[in-house]
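All remarks here apply to the structure that follows.
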């Protein structure tokens, strides 16, 4: 998968590295600001019961 992305990015090696870094940052931002907030209420981590 990574070689496919690398081969399809235009430009020189330095430009490809910069574009790959931008892609990684975009994926991280998408996960942090869209996916994780959407999934968080659906996770059972806050459903904790303690009996005394």
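Residue numbers (full-length UniProt numbering): 1 to 52.
Just so it is clear, CB atoms sit at the ideal spot from N, CA and C, and this is done for glycine as well.
CB-CB length for residue i against residue j, believed under 8 Å
{"i": "residue 9", "j": "residue 20", "result": "7 Å"}
{"i": "residue 6", "j": "residue 16", "result": "6 Å"}
Where residue i sits in the DSSP three-state scheme
{"i": "residue 21", "result": "helix"}
{"i": "residue 39", "result": "helix"}
{"i": "residue 44", "result": "helix"}
{"i": "residue 49", "result": "coil"}
{"i": "residue 9", "result": "coil"}
Spatially closest choice to residue i from the options, by CA coordinates
{"i": "residue 2", "options": "23, 39, 14 and 12", "result": "23"}
Residue i CB to nearest heavy atom of the ligand FAD below 7 Å
{"i": "residue 21", "result": "Among the components modelled here there is no ligand, and therefore nothing to report on the ligand FAD."}
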